[in-house]
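With the sequence shown counted from 1, adding 58 to any position gets you the numbering used here.
Don't be surprised by glycine CBs; every beta carbon is placed ideally from N, CA and C.
Notes follow the structure.
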Amino acid sequence: MLSQKTRYAIRALQHLADRYRQGPVPLNEIATRQNIPAKFLTVILSELSREGLVATQRGRDGGYWLALAPVDISYGDIVRLTRGSLALTPCASRFAHETCTNCLPESECRLHRVMLRVRDETAKVLDGISLAEPLGLEEAE
Numbered sequence: 059m060l061s062q063k064t065r066y067a068i069r070a071l072q073h074l075a076d077r078y079r080q081g082p083v084p085l086n087e088i089a090t091r092q093n094i095p096a097k098f099l100t101v102i103l104s105e106l107s108r109e110g111l112v113a114t115q116r117g118r119d120g121g122y123w124l125a126l127a128p129v130d131i132s133y134g135d136i137v138r139l140t141r142g143s144l145a146l147t148p149c150a151s152r153f154a155h156e157t158c159t160n161c162l163p164e165s166e167c168r169l170h171r172v173m174l175r176v177r178d179e180t181a182k183v184l185d186g187i188s189l190a191e192p193l194g195l196e197e198a199e
């Protein structure tokens, strides 16, 4: 399940993708239109700025914009940055692998093999969709 932070980050980045190359977007615009608490959004955008996805400008005419083209930001990138992993279990994570407690050895665990496959298929889907793709409501059904 995606965390609230991840969902907020995705919505904020989608908003910025819609305004790509239109100049800085004020924080309060993103917060209001995407229904994200401004304080939480500030933290999220700061984190995304440190990761190089978002650029910022302070001041009266300041705001946020995508530091990369929308086509260069995949949903997989966003989930990994905000959640840490696409894996549903710690033993299936590529970069944050941990052995599960109270489990069989990974070589014997059928659940482990299933979760590796789920992780790989999830990565294939999320890495294959960028912020540049207009996903309409009809496609979500």
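* What did DSSP end up calling GLY134 once you bin it into helix, strand or coil? -> Here residue 134 refers to the residue found at position 76 when the sequence shown is read from its first residue. In the structure shown, GLY134 sits in a helix (DSSP, three-state: H, G or I).
* Of all the beta strand (DSSP E) runs that stay within the bounds of the region 101-151, which reach a length of 3 or more residues? -> 112-115, 121-124
* Residues near HIS73 by beta carbon distance below 6 Å, same chain, minus five either side -> On the sequence shown, position 15 is the one that residue 73 refers to. Counting only Cβ-Cβ distances below 6 Å, and skipping sequence neighbours, we find ILE88, GLN92.
* **Pair within 9 Å by beta-carbon distance, LEU111 and LEU71** => Stepping through the sequence shown from its first residue, residue 111 is reached at position 53. Stepping through the sequence shown from its first residue, residue 71 is reached at position 13. For LEU111 and LEU71, yes; Cβs fall inside 9 Å.
* Cβ of SER143 within 9 Å of Cβ of SER188? -> Along the sequence shown, read from residue 1 onward, the residue named residue 143 stands at position 85. Along the sequence shown, read from residue 1 onward, the residue named residue 188 stands at position 130. No, these two residues do not count as a Cβ contact at 9 Å.
* To do: State yes or no: is the C-beta of LEU139 within less than 9 Å of the C-beta of GLU105?
  => In the sequence shown, the residue the question calls residue 139 occupies position 81. In the sequence shown, the residue the question calls residue 105 occupies position 47. Yes. Within cutoff.
* Asked: Taking the alpha helix (DSSP H) that ASN86 falls in, what are its first and last residues?
  -> In the sequence shown, counting from the first residue as 1, residue 86 sits at position 28. Here the alpha helix (DSSP H) through ASN86 covers 85-92.
* Asked: Across which residues does DSSP place SER188 in a beta bridge pair?
  -> The count along the sequence shown starts at 1 and reaches residue 188 at position 130. Looking at the DSSP assignment, SER188 forms a beta bridge with SER132.
* Asked: Per DSSP, what kind of secondary structure is LEU74 in: helix, strand or coil?
  -> Counted from its first residue, the sequence shown places residue 74 at position 16. Looking at LEU74 - three-state DSSP - the assignment turns out to be helix.
* Residue burial classification, GLY186 (beta-carbon count within 10 angstroms, cutoff 16) -> Residue numbering aside, residue 186 sits at position 128 when the sequence shown is read from its first letter. Exposed, since its Cβ has fewer than 16 Cβ neighbours within 10 Å.
* Three-way DSSP call (helix, strand, coil) for GLN80 in this model -> What you label residue 80 is simply residue 22 of the sequence shown in a count that begins at 1. It is coil, neither helix nor strand.
* Simplified DSSP state of PHE153, which is helix, strand or coil -> Stepping through the sequence shown from its first residue, residue 153 is reached at position 95. Reduced to three states, the DSSP call for PHE153 is coil.
* Sequence-distant residues of its chain with Cβ nearer than 8 Å to THR64 (five each side left out) -> Locating residue 64 in the sequence shown gives position 6, counting from the first residue. Around THR64: ILE136, VAL137, THR140, ARG141.
* Have a look at HIS95 and ARG69 and give me their C-alpha separation to the nearest angstrom. => Here residue 95 refers to the residue found at position 37 when the sequence shown is read from its first residue. Here residue 69 refers to the residue found at position 11 when the sequence shown is read from its first residue. A small correction: the amino acid at residue 95 is Pro; His does not occupy that position in the sequence shown. C-alpha separation (whole angstroms): 12 Å.
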